[in-house]
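Shown next, in the form of structure tokens:
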């Protein structure tokens, strides 16, 4: 039912509509919604001549190579971090001496923070663009992981601080990953967009799979080993965001 609802309420891609002159009215409607009261003043054209097919290899050559690799790096590290949290954070907290309720509450805090952060990130991207927004979120996420790595938690100590940090980690680190597909959709040309997003998804899935195997080893190192690796993953995430050239520009001017 939700998919059917999305079919009716989600707007089509402006670039896709620009390739189809017969759907100009739909394009004009979208342009008005995103801040262009006079659509006729907007040069609405496709990236190039319509291309019904582009080989997968197009992602790995020319100007697309850098963005393809950078987005895959960001997606791999981001999904590694998220699934490491999903699968192993409660176990790590329980092994540190926290009760099952607190361990579960820690993951809940992470998820709630991620939900709120994703909405905040979407507004920040509109105002500032995706590059500064996502880089800042990755940096703050790495710093929070560093705090959790150094925080004395053995014996269930500093419970409130741990829960607060996990919520903040979701607010910044988890939320940053939610925007990556939007960045990919902007960075890849229409002819290879689906393949580019598929490549990103595959990189993210690889990170998720490896996290399932690595988690058992990492929790043996306590919070220092577990969150230290998360901090490193967020640093890699930041590097990926910095390397992307096709970021979403800000859509409103700062006042």
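Numbering (my numbering), first residue to last: 44 to 298. Where is the CB? At the ideal position from N, CA and C, for every residue including glycine.
Asked                                                                                                                                                                         : Found
Buried or exposed: which applies to residue 267, given that a residue is buried once 16 or more other Cβ atoms fall within 10 Å of its Cβ?                                    : exposed
Around the Cβ of residue 214, are there at least 16 other Cβ atoms within 10 angstroms (buried) or fewer (exposed)?                                                           : buried
By the 10 Å Cβ neighbour count, where 16 or more other Cβ atoms means buried, how is residue 176 classified, buried or exposed?                                               : buried
So, helix, strand or coil for residue 288, using DSSP?                                                                                                                        : coil
Using 8 Å as the Cβ pair cut-off and three pairs as the minimum, do the region 231 to 240 and the region 139 to 148 touch?                                                    : no
What residue range does the alpha helix (DSSP H) around residue 151 cover?                                                                                                    : 143 to 171
Would you decide whether residue 52 is buried or exposed? Buried here means 16 or more other CB atoms lie within 10 Å of its CB.                                              : exposed
Leaving out five residues before and five after residue 229 in sequence, what residues of the same chain have Cβ atoms less than 8 Å from its Cβ?                             : 173, 289, 290 and 291
Report the CB separation of residue 270 from residue 262 in whole angstroms; it is logged as a contact under 8 Å.                                                             : Going by Cβ atoms, the distance from residue 270 to residue 262 rounds to 11 Å, so no, they are not a contact pair.
In terms of residues, what are the limits of the alpha helix (DSSP H) holding residue 103?                                                                                    : Looking at the DSSP string, residue 103 is not in any alpha helix (DSSP H), and its letter there is neither H nor E.
Restricting to Cα atoms, I'd like to know which of 244, 272, 150 and 212 is closest to residue 226.                                                                           : 244
Closest to residue 115 by C-alpha separation, out of 220, 265, 209 and 164, would be which residue?                                                                           : 220
Helix, strand or coil for residue 203 per DSSP?                                                                                                                               : helix
In this structure, how does DSSP classify residue 91 when only helix, strand and coil are distinguished?                                                                      : Bear in mind that the predicted position of residue 91 carries a pLDDT of just 49, short of 50, making it too unreliable to give a figure here.
With DSSP as the reference, label residue 231 as helix, strand or coil.                                                                                                       : coil
Is DSSP giving residue 69 helix, strand or coil here?                                                                                                                         : helix
Which of the three DSSP states, helix, strand or coil, is assigned to residue 280?                                                                                            : helix
Which value, in whole angstroms, describes the spacing of the CA atoms of residue 182 and residue 64?                                                                         : 43 Å
Could you please give the first and the last residue of the uninterrupted alpha helix (DSSP H) stretch that includes residue 242?                                             : 236 to 262
With distance defined between alpha-carbon atoms, name the residue in 151, 178 and 48 nearest to residue 164.                                                                 : 178
Compute the Euclidean distance between the alpha carbons of residue 91 and residue 58, then round it to the nearest angstrom.                                                 : Unreliable positioning characterises residue 91 in this predicted model, as indicated by a pLDDT of 49, which lies under 50. The coordinate reading is nonetheless provided below. Approximately 10 Å between the Cα atoms of the pair.
Enumerate in chain order the residues of its own chain whose CB-to-CB distance from residue 124 is below 6 Å, with the five nearest sequence positions on each side excluded. : 273 and 276
Does residue 48 come out as helix, strand or coil in the three-state DSSP assignment?                                                                                         : helix
Counting only the same chain and skipping the five closest in sequence on each side, list residues whose C-beta sits under 8 Å from that of residue 73.                       : 54, 55, 57 and 60
Quick one: Cα of residue 205 to Cα of residue 168, how far?                                                                                                                   : 29 Å
Any idea what DSSP makes of residue 196, helix, strand or coil?                                                                                                               : coil
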